[in-house]
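I have placed the structure first, in the form of structure tokens, so that the comments after it can refer back to it.
Residue numbers (the working numbering): 16 to 184.
In structure tokens:
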């Protein structure tokens, strides 16, 4: 069913608004993937703060015009699924990378982060970014190791000082 001009304007406005809030965007081709798998992907996406949109290429180009995601325009060939990461930059890339491993017909075309186009082969670059909680856990681990190391050095210095006093006496 053809879309009317008002419907097209609404889609462009909606996608443009979502793009303005997104931290990263992934473009994929979902041809050949069954409906059940796509439904499961959409549920996982909602749970991970990722918004999925299937948009006509011309409307996607128009919606991303003037945004930092405009670098994706060349990837809009054939059916395009857009994954906007709204809470964590790596969430969409991680989700679609894992889905592509399970579904051989699913293809990630490209992704963008901070206005930079990233080729699909380099999806791990964005997908491997730690989440906020993972980053805090790593930081706490490093701080804990550093403070434990300082304690060990202090105890060793005290031991050496006592040994020096015993030898002097």
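Ideal Cβ placement from N, Cα and C applies to all residues, glycine included.
Spatial neighbours of residue i within its chain, please: CB distance less than 7 Å, with the 5 preceding and 5 following residues excluded, ordered by chain position.
| i | result |
| --- | --- |
| residue 35 | 82 |
| residue 51 | none |
| residue 59 | 110 |
| residue 114 | 56 and 121 |
| residue 148 | none |
Skipping 5 residues on each side, what residues in its chain have a beta carbon closer than 8 Å to that of residue i?
| i | result |
| --- | --- |
| residue 69 | 45, 94, 95, 96 and 97 |
| residue 131 | 86 |
| residue 30 | 68, 70, 74, 75, 78, 79 and 97 |
Does the distance from the CB of residue i to the CB of residue j come in under 8 Å?
| i | j | result |
| --- | --- | --- |
| residue 40 | residue 74 | no |
| residue 134 | residue 142 | no |
| residue 77 | residue 157 | no |
| residue 120 | residue 48 | yes |
| residue 104 | residue 144 | yes |
For residue i, count the other beta carbons within 10 Å of its own beta carbon; 16 or more makes it buried, fewer makes it exposed. Which is it?
| i | result |
| --- | --- |
| residue 128 | buried |
| residue 90 | buried |
| residue 138 | buried |
| residue 56 | buried |
| residue 111 | buried |
| residue 17 | exposed |
| residue 170 | exposed |
| residue 107 | buried |
| residue 123 | buried |
| residue 79 | buried |
| residue 174 | exposed |
With residue i as the anchor, note down where its alpha helix (DSSP H) starts and where it stops.
| i | result |
| --- | --- |
| residue 126 | Premise fails: residue 126 lies in the beta strand (DSSP E), 122-128, not in any alpha helix (DSSP H). |
| residue 132 | Segment 131-134 is the beta strand (DSSP E) holding residue 132; no alpha helix (DSSP H) there. |
| residue 79 | 72-79 |
| residue 179 | 147-183 |
| residue 62 | 50-62 |
Can you list, in chain order, the residues of its chain whose CB lies under 6 Å from that of residue i, leaving out five sequence neighbours each side?
| i | result |
| --- | --- |
| residue 99 | 33, 37, 40 and 66 |
| residue 64 | 101, 102 and 106 |
First and last residue of the beta strand (DSSP E) that includes residue i?
| i | result |
| --- | --- |
| residue 42 | 39-44 |
| residue 100 | 96-100 |
| residue 65 | 65-69 |
Would you say residue i faces chain C, with C-beta separation under 8 Å as the test?
| i | result |
| --- | --- |
| residue 100 | The chain labelled as chain C is not found in the depicted structure, where only one protein chain is given. |
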